[in-house]
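Q: In my numbering, the protein residues as written are 13 to 149.
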Amino acid sequence: MVIDKIAPMVKNALIKDGWIITSEPFTIKYEDLIVFADLEAEKLFVAQKAEQKIIVEVKSFIGKSSMHEFETALGQYNSYLPLIKKLHFTHKLYLAVGETIYQKFFKRKAIQAIIEWHQLPIIVIDISNEEVVTWIN
Numbered sequence: 013m014v015i016d017k018i019a020p021m022v023k024n025a026l027i028k029d030g031w032i033i034t035s036e037p038f039t040i041k042y043e044d045l046i047v048f049a050d051l052e053a054e055k056l057f058v059a060q061k062a063e064q065k066i067i068v069e070v071k072s073f074i075g076k077s078s079m080h081e082f083e084t085a086l087g088q089y090n091s092y093l094p095l096i097k098k099l100h101f102t103h104k105l106y107l108a109v110g111e112t113i114y115q116k117f118f119k120r121k122a123i124q125a126i127i128e129w130h131q132l133p134i135i136v137i138d139i140s141n142e143e144v145v146t147w148i149n
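(1) By the DSSP assignment, the alpha helix (DSSP H) with G110 in it spans what residues?
(2) Which residues share a DSSP beta bridge with T34?
(3) Grab the span of the beta strand (DSSP E) containing I127 for me, first residue to last.
(4) Determine the DSSP secondary structure at K71, reduced to helix, strand or coil.
(5) Does the count of Cβ pairs from the region 132-146 and the region 50-59 closer than 8 Å reach three?
(6) Counting C-beta neighbours from all protein chains within 10 Å, is the total for E11 16 or more, i.e. buried, or is it exposed?
(7) If we call anything under 8 Å between Cβ atoms a contact, is L132 one with Y89?
(8) Take I67 as the anchor and find which of E128, W31, F117 and Q124 has the nearest alpha-carbon.
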């Protein structure tokens with residue numbers, strides 16, 4: 013299992029945002045298959061008197077092709093999601109990416125169309141300051 017280069021910065025950004033990291037990596041085991049998402053976190057929302065749990069797959073997009081990295085991330089997301097549902101986890105699954113790649117690649121109209129089609133939730137992180145920029149649901 014390979015830890016993504018920006019995973020520590022994403023973890024710190026989530027902690028700054030009030031999340032508690034509960035698992036790193038997060039193991040998803042269904043039948044004879046085991047896969048690992050980068051982390052699990054939870055946060056208590058006092059006003060709603062509810063706890064939210066998330067699973068986060070982190071991608072740095074440092075490969076030669078952003079499209080190939082995107083296809084890999086989307087493949088992981090689409091593989092993890094049915095397993096999470098089968099296991100009756102209440103977690104929401106997110107893809108975390110840096111703000112620079114989000115601005116350069118993810119905002120392209122074709123990529124936005126793919127994201128919309130797959131209803132891909134994204135956490136955009138300011139890597140330098142280790143802060144959450146935005147949540148895209």
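C-beta: ideal position from N, C-alpha, C; glycine also.
A: Checking against the coordinates, here is how it stands:
(1) Taken as a continuous stretch (DSSP letters only), G110 belongs to no alpha helix (DSSP H), being part of the beta strand (DSSP E) at K104 to G110.
(2) DSSP output for T34 lists no bridge partner at all.
(3) That residue, I127, is in no beta strand (DSSP E); its alpha helix (DSSP H) goes K121 to H130.
(4) K71: coil per DSSP, three-state reduction.
(5) Flag = no, the region 132-146 and the region 50-59 do not touch.
(6) Past the edges of the chain, shown from 13 to 149, lies residue 11, and the structure says nothing about it.
(7) Contact: yes.
(8) Selected option, being the one with the closest Cα: W31.
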